[in-house]
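Heads up: take any position in the sequence shown, counting from 1, add 1, and you land on our numbering.
Backbone N, C-alpha and C define an ideal beta-carbon position, used for all residues, glycine too.
Here the structure is a predicted model, which means the values were calculated and not measured.
Here's the structure we're looking at; comments come further down.
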Amino acid sequence: MTTAPARWERCLARPRAQLLPMPGASDRLGVFPDGDQRRRPLARLDKAQTQQAISEGRLETDGDTYRQTEAGRLAVKRERSGFNNQHRVLALREIIDRTGRVSRVFANTRESPVGRWAHFLTPAQINAAERFIADYNRSTLAPSVTRNWSLDAQVRAPGRGEGAETGALGRIEATKRIMRSLDSLGRRDGEIVTAALIREDSLAALGRCYAGNPRRGRQVVASALDRLVAVTSCEFS
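Structure, rendered in structure tokens:
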């Protein structure tokens with residue numbers, strides 16, 4: 002296949018979607034969610050489109066039943082992978098492991114909690130923000146959960162894990178770093194950093210609360226993160 006998948010192909014590749022005759026129009030097909038013909042179809046095909054898809058190997062038919070071929074599904078998958086790769090922004094990031102050691106790894110900046118603001122933040126501000134978030138999630142301040150499903154969650158390495166004492170000490174040290182950072186930031190900047198990075202308040206809400214103008218959210222966040230950069234540099238120097 003040399004052409005990009007059509008809209009009906011992308012819709013048909015969704016889980017439980019089925020290609021069925023349109024009610025009252027036997028020469029037309031529709032992609033129905035869960036095969037429910039009472040619902041509005043996600044996409045439609047006329048007779049010419051159906052015949053072309055069959056001749057190109059994108060559709061297969063067994064009597065009145067139409068199915069997307071394996072080649073058709075793979076074409077949709079390749080297109081989605083290309084889109085994801087096109088919109089992935091990789092950059093070096095500093096992370097803190099369980100022992101508190103800082104290392105540098107490649108990460109997708111758009112998957113981080115501050116990814117939505119990456120277009121106006123500096124690399125130093127992003128690194129400082131991600132360090133703060135990592136320490137908070139590691140500390141005793143974060144709410145206890147049975148499983149962390151976030152995109153930046155740590156993956157357990159095979160082999161022997163850390164003991165109870167090591168884990169407790171790591172959480173205590175992370176809590177101390179967070180408290181020292183907040184003390185150094187001061188009340189106002191500490192509140193802004195917490196609201197922006199932990200509660201993930203919007204720029205409009207931050208600007209309205211701390212500058213009296215919802216349009217000044219960028220300046221509020223950037224100024225507080227500049228202070229966090231200075232505090233973090235002293236912490237890890």
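- With respect to the 9 Å criterion, T233 and F133 are classified as neighbours on the basis of their beta carbons.
- Looking from the CA of G31, the closest CA among D37, G25 and P42 belongs to P42.
- Exclusion of the five residues before and after L229 leaves A129 and V194 as the residues of its chain whose Cβ lies within less than 6 Å of its Cβ.
- For Q52, no beta strand (DSSP E) segment is defined; the enclosing uninterrupted segment is the alpha helix (DSSP H) at K48 to S56.
- Nearest in C-alpha terms to A5, of all of A76, Q52, A72 and E192, is A76.
- In the three-state reduction of the DSSP assignment, T195 falls in the helix class.
- The alpha carbon of Q50 has as its nearest neighbour, out of S140, R188 and E10, the alpha carbon of E10.
- For F133, the secondary structure class from DSSP, reduced to helix, strand or coil, is helix.
- Secondary structure of L142 (DSSP, three-state): coil.
- For R59, the three-state secondary structure derived from DSSP is coil.
- Counting C-beta pairs with one atom in each stretch, the segment 167-186 and the segment 134-142 have three or more that are closer than 8 Å, which means they touch.
- Per DSSP, R200 lies in no alpha helix (DSSP H) and is assigned neither H nor E.
- Annotation: L186 to R172 spans about 21 Å, alpha carbon to alpha carbon.
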